[in-house]
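Report on the structure given below.
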Amino acid sequence: MAQPPIVMYLSQWCPYCVRARALFAAKGATVTEVDVDVVPGARAEMMARSQRRTVPQIFIGDRHIGGCDDLHDLDRSGGLDPLLKPPA
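Mapping to our numbering: the sequence shown position 48 is 42, numbers consecutive.
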């Protein structure tokens, strides 16, 4: 089975987006990136899903993780790796 889908709303110029991308790369996770500055309607979609305006906004499956700091906090607490595993 595959890992749950990961969607990250981002902007190419955002340093927090770069940090989040690097953490996922280090974990070997595949991420679908949605650039809110390029994809029409993506910023509105992100805000509707997350209730937040800032990038990145990260979703693993249906779960909203939050931004870069939230992602790194989740990793430090040991909660990220279980979310990246395929469902049982």
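For each residue, glycine too, the CB sits at the ideal point set by N, CA and C.
- [ ] Identify whether residue 12 lies in helix, strand or coil by the three-state DSSP scheme.
- [x] DSSP places residue 12 in helix when its eight states are reduced to three.
Open item on the list: Does residue 37 come out as helix, strand or coil in the three-state DSSP assignment?
Closed with: Of the three classes helix, strand and coil, the one that applies to residue 37 here is helix, per DSSP.
- [ ] Going by CA-CA distance only, name the one from 39, 81, 23, -4 that's closest to residue 4.
- [x] Among 39, 81, 23, -4, the Cα nearest to that of residue 4 belongs to 39.
TODO: Tell me, please, whether the stretch 60 to 79 touches the stretch 9 to 28 by the rule of three or more beta-carbon pairs shorter than 8 Å.
DONE: Result yes; three or more Cβ-Cβ pairs closer than 8 Å.
- [ ] State yes or no: is the C-beta of residue 2 within less than 8 Å of the C-beta of residue 14?
- [x] With contacts defined by Cβ atoms closer than 8 Å, residue 2 and residue 14 form a contacting pair.
- [ ] Could you check if residue 80 is buried or exposed, using at least 16 other CB atoms within 10 Å of its CB as the buried criterion?
- [x] When all chains shown are included, residue 80 counts as exposed.
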